[in-house]
Each structure stands twice: as C-alpha cells, then as structure tokens.
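*Asks:* Residue numbers (the working numbering), protein chains in the order written: chain U, 1 to 228; chain H, 1001 to 1119. Every residue gets a Cβ at the ideal spot worked out from N, C-alpha and C, and that includes glycine. Being a predicted model, the structure only gives us computed values, none of them experimental.
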C-alpha cells in the first residue's frame, strides 16, 4: 500500500508571521543605545499614508507615495535600513609613511538583508570630530573609500573632495566602492582614508553609518527595479 | 478596537467598519518604533440585492455578484449570497528595530481596508 506522503508540518503561526514581516527571527526589542536617526523619521512621516493624512502638509493633497519608491531619496525601493558602522578601527600611519593621518576600517552587518533584495542606494555617512572638525576655517581634504578586499589593487574606487568636517560627510557607494549589479553582501568591510590636501589637521572619525535602500522584486513590480 | 456592527448579526449593508490595531495589544510595541497602531478596518454587511446594485444614477452594472443576489432573492439556494470583501486597500509603512540594531523602514502593501464591495 502506498505510504501516505508525510504532510509537511504546518509552519508555526509565529514563524509564518515573521516570514510575512520579512524578519529572520523574532525581534528582541529596542536596543538600549540606539536612537532613531532623523532621516528615518523623515522618511517614515513622508511615506506613512495615515500619518500623511493626519498631516497633509507633508504630502501634497491627492499625492499618494508610490509603493516601491523612496521619494526623498529619488530611488526605487520598499525597504530602507539605517545600519550603524561597527568596529571602527583606526590604524595610525607608520612614522616613516608618507601620509601622517590614520586610516579606518569599518564593518557593516548586512545579514538582515534577504538575498532577493536589490540595492538601489547605499549612502555612507561619516561624522568627524577633533581638530579638523573644530577648525573654523574650511580646509580641504580628500576622502577615499575602498572595500577591504580591494585595498592595494590600485587607487581607491571612490575618492571625493571634502570641504568641511563640521557637517556630516556623505558618499554614495553604489557604482563606486560597490558595483551596481552586485547583490548585497552579508557584511560590508570598508577602508577609509581622509587626507588633508594642504598641511592641515587630520580628521578623527567619530561615527559612521550606512543608509541602504533595497527593492524586493517579490513585492514590487519589476518595472520599479533600480536602474542598472 | 472594532466598531460594533449595528442592525442584526450582519450589521446592515456591506461596508467598511472601523478596526484599530494597536501594536501594544499584539505585543510588538517593544520593537516597532512607529506607528503605535493603525486603522486596518474590516468589511461586514449584507450583500443582498440592493447592496450589490450600483447607487442611484450609477451605470447599469450586471455582474457576478448581482446575478448571485438576484438568484438568491428568487430562490435561496446553496450558493448563498455574495461575500462582503475589501474592494480597495492601501499600504502602511512601519519603522522598527531589527535584530542587527538597524533601524528599518519597511512598506507593507494591502494593510488598510479603504472600501468594501460584494464579490
């Protein structure tokens, strides 16, 4: 007699709920040391239709935000993550080395991103402290960013001029230190250097974060996909 | 909190009823930053003949639901009346902490019932 096919065990309600939420495991709760960055509040208030109804001034009447688009950042996407930089490790330059400012290695944990998600924006945000940031006069520095695995394989793929360290310094990674069509890695390790152009002071990296926008094609129409 | 339905067990004709979902009540308030809850609403009501017909001045619209309501009013049978279901839904966005201490803004489609209809 045919052996009755074993019915797959029905997923426990909690597991199916987490899957529906797009979460790997049940959230522990708010981490003690984590505040909500203003940009995330702004994006939320802009996108939440009920919030927008309560405060129509933020959203023009009749305009409903496109479901798979982040208006404020001008890219396709239905998930925005603010990822704190971990393991900010400064490596001071050797005394004999030509450059005298430290370099930093940063680690971003992206393990919560699903493999199916397509990145549409990866914006690095750096806050500097110390002498360079306190200087009243603007200086000029050059920021260079590379993925740790690419260091030494030629000039840093992302180099940009920085006029002041008093405000946050932002750098777009996609298309420079992160190939457009690359999928999201489980973790992102970056090496940063900030070189003063003249004999100005070095900067001291105080905080780093990554604003990552992704689009889940299983939930969004393929036409909304990020431009290659 | 749900708005109590009026008029008998099915509460009058098919329409959207108020239903507020509080994340505290479902135990999510520890990790959901905002909103604290939202108006999800729900559909309830009779889909007998008048409810399935378009309003006064509306276009003549014979459709499957009207046909079923007609048949049911002529000779109630096992097929019963059409169902009162969501006809238009809208999304919400949820701001929350994930287990990697990231702050996440995620968009969830079809979370709010705006309109109901007989189908």
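#1: With C-beta atoms as the reference, is residue 1101 of chain H less than 8 Å away from residue 34 of chain U?
#2: With DSSP run on the structure shown, which of helix, strand or coil describes residue 26 of chain U?
#3: Taking contact to mean at least 3 C-beta pairs separated by less than 8 Å, is the region 1018-1031 of chain H in contact with the region 1067-1085 of chain H?
#4: Buried or exposed: residue 203 of chain U, going by 16 or more other Cβ atoms within 10 Å of its Cβ?
#5: Chain H partners of residue 111 of chain U, CB-CB under 8 Å?
#6: What number of angstroms, rounded off, separates the C-alpha of residue 1045 of chain H from the C-alpha of residue 1082 of chain H?
#7: Exposed or buried, what is residue 78 of chain U when buried is set at 16 or more other beta-carbons lying within 10 Å of its beta-carbon?
#8: So, are the CB atoms of residue 1086 of chain H and residue 1109 of chain H less than 8 Å apart?
#9: Let me check one thing: in DSSP terms, what residues is residue 1105 of chain H bridge-paired to?
#10: Identify whether residue 72 of chain U lies in helix, strand or coil by the three-state DSSP scheme.
#11: State buried or exposed for residue 195 of chain U, treating a residue as buried only when at least 16 other CB atoms are found within 10 Å of its CB.
#12: What beta strand (DSSP E) runs, 3 residues minimum, are completely inside the region 107-188 of chain U?
#13: Going by C-alpha to C-alpha distance, which of U:184, U:156, U:71 sits closest to residue 177 of chain U?
#14: Quick one, which of H:1080, H:1068, H:1041 has its alpha-carbon nearest residue 1053 of chain H's?
#15: Quick one: list the residues of chain H neighbouring residue 84 of chain U, beta-carbon separation under 8 Å, in chain order.
#16: Can you list, in chain order, the residues of its chain whose CB lies under 7 Å from that of residue 214 of chain U, leaving out five sequence neighbours each side?
#17: Measuring alpha carbon to alpha carbon, tell me which residue in H:1026, H:1015, H:1011, H:1103 is nearest residue 1001 of chain H.
#18: List the whole-angstrom C-beta distance separating residue 1113 of chain H from residue 1041 of chain H, where the pair is believed to meet the contact cut-off of C-beta under 8 Å.
#19: Rounded to a whole number of angstroms, what is the C-alpha to C-alpha distance between residue 181 of chain U and residue 125 of chain U?
*Replies:* Straight from the coordinates:
#1: The beta carbons of residue 1101 of chain H and residue 34 of chain U sit closer together than 8 Å.
#2: It is coil, neither helix nor strand.
#3: Per the Cβ contact rule, the region 1018-1031 of chain H is not in contact with the region 1067-1085 of chain H (fewer than 3 Cβ pairs under 8 Å).
#4: Buried.
#5: Here the neighbours are 1100.
#6: Distance between the alpha carbons of residue 1045 of chain H and residue 1082 of chain H is about 11 Å.
#7: Its Cβ being crowded by 16 or more others within 10 Å, residue 78 of chain U is buried.
#8: If you check the CB distance, residue 1086 of chain H and residue 1109 of chain H do not come in under 8 Å.
#9: DSSP output for residue 1105 of chain H lists U:80, H:1095 as bridge partner(s).
#10: Looking at residue 72 of chain U - three-state DSSP - the assignment turns out to be helix.
#11: Residue 195 of chain U sits buried, since 16 or more C-beta atoms from the chains shown fall within 10 Å of its C-beta.
#12: Segments of the beta strand (DSSP E) lying fully in the region 107-188 of chain U: 118-129, 141-147, 158-162, 169-172.
#13: The shortest Cα separation from residue 177 of chain U among U:184, U:156, U:71 belongs to U:156.
#14: It is H:1068.
#15: Those within 8 Å of residue 84 of chain U in chain H are 1101, 1102.
#16: Leaving aside the five residues that flank residue 214 of chain U on each side, the residues in its chain whose CB is nearer than 7 Å to its CB run, in chain order, 77, 79, 113, 117, 118, 119, 120, 184.
#17: Here the closest residue by C-alpha is H:1026.
#18: Your pair residue 1113 of chain H and residue 1041 of chain H checks out as a contact, with CB atoms roughly 4 Å apart and the cut at 8 Å.
#19: Their backbone Cα atoms lie some 22 Å apart in a straight line.
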